[in-house]
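Student: Numbering (the working numbering), first residue to last: 465 to 585.
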Ligand code: HEM
């Protein structure tokens, strides 16, 4: 079970950080500013996805960058309007999918903080 969603190439992760990150700062970390990391949040937890070009300015998953994309990830959607934090009204299957994405990201990307004001339980 612990092997589920494990990366093929082992990733050395830093201890998770608890720093507050405002939604405004998160939005600036969308891959468009080379002086900032590229960030994606799930359930309020902020992951640094800078090393994956898929989230960069021209990447296939750039729609998630700079956002808490919980709703879109839960629903397997790439629609920008679904890249919002609200996940609590989703059905159980979607919530499970979201938790699986959380596990996937936590095995690959450093946690660099929490979105200020996020509901994460
Ligand atoms: C035609 C449909 C799609 C194809 C062919 C596709 C293909 C892929 C492939 C090949 C990977 C890499 C897997 C790996 O690293 O092991 C991937 C990762 C991923 N896909 Fe898709 N995908 C599709 C649709 C979607 C949709 C609708 C979503 C919306 C949630 C999505 C979200 C993601 C995410 C978040 C990753 C993880 C990227 C990472 O951080 O490594 N994909 N996809």
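We put the beta carbon where it would ideally sit given N, CA and C, even for glycine.
Bear in mind the structure is a predicted one, so any value in this text is a computation, not a measurement.
Near residue 480, which residues of its chain fall below 7 Å by C-beta distance, leaving aside the five closest residues on each side in sequence?
Tutor: Locating residue 480 in the chain shown gives position 16, counting from the first residue. Excluding residues within five positions, the ones whose Cβ falls inside 7 Å are 575.
Student: Unbroken beta strand (DSSP E) runs of length 3 or more, entirely within the segment 531 to 585: which are they?
Tutor: Complete beta strand (DSSP E) runs here, min 3: 574 to 579.
Student: Under the three-state reduction of DSSP, which class applies to residue 501: helix, strand or coil?
Tutor: Residue 501 sits at position 37 when you count from the first residue of the chain shown. Looking at residue 501 - three-state DSSP - the assignment turns out to be coil, as it is neither helix nor strand.
Student: The beta strand (DSSP E) spanning residue 512 covers which residue range?
Tutor: Within the chain shown, residue 512 is the residue found at index 48, counting from 1. Note, residue 512: beta strand (DSSP E), 509 to 512.
Student: Identify, in the order they occur along the chain, each residue of the same chain with its Cβ nearer than 8 Å to the Cβ of residue 540, setting aside the five sequence neighbours on each side.
Tutor: To locate residue 540, count along the chain shown from 1; it is residue 76. Only 561 meet the Cβ criterion.
Student: Could you check which residue in 494, 468, 467 has the C-alpha nearest to that of residue 544?
Tutor: Locating residue 544 in the chain shown gives position 80, where the first residue counts as 1. Closest option to residue 544, Cα to Cα, is 494.
Student: When we look at the beta-carbon of residue 491 and count the other beta-carbons within 10 Å, is it buried (16 or more) or exposed?
Tutor: Numbered from its first residue, the chain shown carries residue 491 at position 27. It counts as exposed.
Student: How about residue 540: is its Cβ closer than 7 Å to a heavy atom in the ligand HEM?
Tutor: The residue labelled residue 540 in the question sits at position 76 within the chain shown. Answer for residue 540: yes, Cβ within range of the ligand HEM.
Student: On the CB-based measure, 16 or more other CB atoms within 10 Å of its CB, does residue 587 come out buried or exposed?
Tutor: Coverage of the chain is limited to positions 465 through 585, which leaves residue 587 absent and any answer about it impossible.
Student: Going by the DSSP bridge assignment, what does residue 484 pair with across the sheet?
Tutor: Along the chain shown, one-based indexing puts residue 484 at 20. Residue 484 pairs with 578.
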